[in-house]
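If you count by our numbering, then the sequence shown holds residues 1 to 442, one letter each, in order. Here is the structure we will look at.
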Amino acid sequence: MSLLTHLLAVLFGMGSWVSINGLWVELPLIVPQIPEGWYLPSYLSILIQMANVGPLFVTLMHRFRPGALNETAVIYVIIVLGTVASFLLGFFWKETVVVAGVSRSVALLVLTFFLATVDCTSSVTFLPFMMRLKPQYLTTYYIGEGVSGLLPALVALVQGVGVVHCLNNTQSLNHSLNGSVTFDLQAQYQPANFSAEVFFFFLSAMMLVSLGAFLLLNYHPAVAREHPTGRYTNGVKEKSQKNRKLVEQKPMMDPYKPPNQNSFGTGAYSWMQVLYIFVILAWANALTNVVLPSVQSYSCMPYGNKVYHLSATMAAVSNPLACFIAMFLPIRSLLLMAALTVVGTGAGAYIMGTAVLSPCPLLVNDTSGGVIIVLAWIVFILTLSYVKVIIGVILRDEGHSALVWCGAVVQLGSLLGAVTMFPLVSVYSFFSSGDPCNTKCP
């Protein structure tokens, strides 16, 4: 087992969602300086779902023209595109253009669409590429995916994004003989330690690191020795085009076998088990990628700004931690998968309940309320992230096509989550946020 290959797999996986994750954590700094204001998150949600045209194209190519799409070339293109788009954001994110008499951040929205296309397409290209390495490196790749959310969150904390101080705004009222004094706390957001431009350049550098890791995964002799099979020339694995096409054309499920027989990849799983695995995968990704993150501020802010930042940070840490646990305890039990999904969904239900009750959820005036909501976020991310990794490990053994469909189902789950939550959050304003300094509840 090569330590270098593990490191490269982490850095490669880091490039999967680092750009969009970074954009989300930077919103508190961006929003006050653009004409869209807090409508921007809604626009971002729409752009990300429109960007699913990328994975849709790749999936259809794998289905109808197997072997025709050069997977390595696609990965090079999307990583370079992500690097350039992140770099250009540093220069143009504040630039506006008048459209139909209204000032719009056209450059920001267009570049965000490119970043979303890059990250969405990575779901159906990065995972299948990991088929070229031994199975243990897939778990390491998932750690990199977790780092793609953790690293921007930590840099944003250093930057000081969203740090609030409550200032005493006492006012004296002398309309009567006795006079009166009103005590009020006013939320004041502190200036960041460094600008959004620097943050976007950092994201571009992270994409560049991911590109370097991908180059080494393709050409470094030490990595070539970690390929499962094949012969090597100059330290680099060679495989005939014919064999590659045979692997690509290997069906995930054989439609000609009777439904009661095992027919998934290696034949270890029946049709019902395959459906069960993909339903859980879609459900877990809908919850972790869209549904609960869209209400995180509503579930945490009533308990205070510190609780909100702690929950966001610990949730970001829990993802790679779950992947790290799966590296040493890869339990493939479908029963355990169901149990962990139930536990994670239960924690998610509590989080959703606090968001619905915001700005006055349970135990809002008690320290235990903040402790419970932080623990709920940790359990939620930890359990469902483990489930997603184990499903990836299972599908990796079922062949290249299975991993392509794995990425497609991930994006489908996220799409369904976005379609569900967007009208609730952005159109009907179903959730109410608490004032970080003046939440008054009975």
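Even for Gly, the Cβ is constructed at its ideal location relative to N, Cα and C. Predicted model, so just to flag it, every value in this text is computed and none were measured.
Segments of 4+ residues assigned as alpha helix (DSSP H) that fall wholly inside the region 95 to 153: 106 to 122 and 126 to 129
Contact between the region 109 to 127 and the region 40 to 51 (3+ Cβ pairs under 8 Å): Flag = yes, the region 109 to 127 and the region 40 to 51 touch.
One or two residues paired with valine 164 in a DSSP bridge: Your numbering for residue 164 matches position 164 in the sequence shown. Its beta-bridge partners are Tyr189.
Three-state secondary structure assigned by DSSP to tyrosine 465: Outside the modelled stretch of the chain, which goes from 1 to 442, sits residue 465, for which no answer is possible.
Selection from Met314, Met207 and Ser429 that minimises the alpha carbon distance to glutamine 375: Taking the first residue of the sequence shown as position 1, residue 375 is located at position 375. It should be pointed out that residue 375 corresponds to leucine in this sequence rather than to glutamine. Closest by alpha carbon: Met314.
Between the CA atoms of alanine 222 and leucine 4 - distance to the nearest angstrom: Walking along the sequence shown from the start, residue 4 turns up at place 4. Walking along the sequence shown from the start, residue 222 turns up at place 222. Cα-Cα distance, rounded: 8 Å.
With 16 other Cβ atoms within 10 Å as the buried cut-off, status of asparagine 234: Residue numbering aside, residue 234 sits at position 234 when the sequence shown is read from its first letter. Residue placement at asparagine 234 is poorly supported in this model, since its pLDDT is 34, which falls under 50; the coordinates are not used for a value here.
Check whether proline 302 and serine 358 have beta carbons under 8 Å apart: In the sequence shown, residue 302 corresponds to position 302, counting from 1. In the sequence shown, residue 358 corresponds to position 358, counting from 1. In contact: proline 302 and serine 358 (Cβ atoms closer than 8 Å).
Residue range of the alpha helix (DSSP H) that includes valine 427: Residue 427 sits at position 427 when you count from the first residue of the sequence shown. No alpha helix (DSSP H) contains valine 427, which DSSP labels as neither H nor E.
Simplified DSSP state of glycine 369, which is helix, strand or coil: The residue labelled residue 369 in the question sits at position 369 within the sequence shown. DSSP places glycine 369 within a helical segment (H, G or I) once states are collapsed to three.
Unbroken alpha helix (DSSP H) run spanning asparagine 21, endpoints: Your numbering for residue 21 matches position 21 in the sequence shown. Note, asparagine 21: alpha helix (DSSP H), 18 to 25.
Histidine 165 burial status per 10 Å Cβ neighbour count (16 or more: buried): Start at 1 with the first residue of the sequence shown, and residue 165 comes out as number 165. The residue is exposed, with fewer than 16 neighbouring Cβ atoms inside 10 Å.
Beta carbon of lysine 388 nearer than 8 Å to that of leucine 215: For the purposes of this step, residue 388 is identified with residue 388 of the sequence shown, where counting begins at 1. For the purposes of this step, residue 215 is identified with residue 215 of the sequence shown, where counting begins at 1. In this structure, leucine 215 does not lie closer than 8 Å to lysine 388 by Cβ.
DSSP-derived helix/strand/coil call for cysteine 300: For the purposes of this step, residue 300 is taken as the residue at position 300 of the sequence shown. Correct three-state label for cysteine 300: helix.
Beta-carbon proximity list for glutamate 95, same chain, < 6 Å, skipping 5 on both sides: As a working mapping, residue 95 is identified with position 95 in the sequence shown. The residues are Ala107.
Pick from Lys440, Leu109 and Phe278 that is closest to leucine 89, judged by C-alpha positions: As a position in the sequence shown, residue 89 is number 89, starting the count at 1. Minimum Cα distance to leucine 89 is reached at Leu109.
Valine 364 (DSSP reduced to helix, strand or coil): To locate residue 364, count along the sequence shown from 1; it is residue 364. Residue state, collapsed to three classes: coil.
Reference tyrosine 76; option with closest CA among Asn319, Gly15 and Ala347: For the purposes of this step, residue 76 is taken as residue 76 along the sequence shown, with counting starting at 1. Nearest option by C-alpha distance: Gly15.
Three-state secondary structure (DSSP) of serine 433: On the sequence shown, residue 433 is found 433 positions in, with the first residue counted as 1. Coil.
7 Å Cβ shell around leucine 138 - same chain, five flanking residues per side excluded: The residue given as residue 138 occupies position 138 in the sequence shown. Cβ within range, chain order: Met130, Gly392, Val393 and Arg396.
Straight-line Cα distance separating serine 401 from leucine 246: Locating residue 246 in the sequence shown gives position 246, where the first residue counts as 1. Locating residue 401 in the sequence shown gives position 401, where the first residue counts as 1. Only weak support is given to the placement of leucine 246: the predicted model assigns it a pLDDT of 39, under 50, and the question is left unresolved by the model.
Reference valine 18; option with closest CA among Val155, Ile34 and Leu69: Reading the sequence shown from its first residue, position 18 is the one you call residue 18. Measuring from the Cα of valine 18, the nearest candidate turns out to be Val155.
6 Å CB neighbourhood of alanine 286 in its chain, flanking five on each side removed: Position 286 of the sequence shown, counted from the start, is the residue given in the question as residue 286. Result list for alanine 286: Gly413, Leu416 and Gly417, in chain order.
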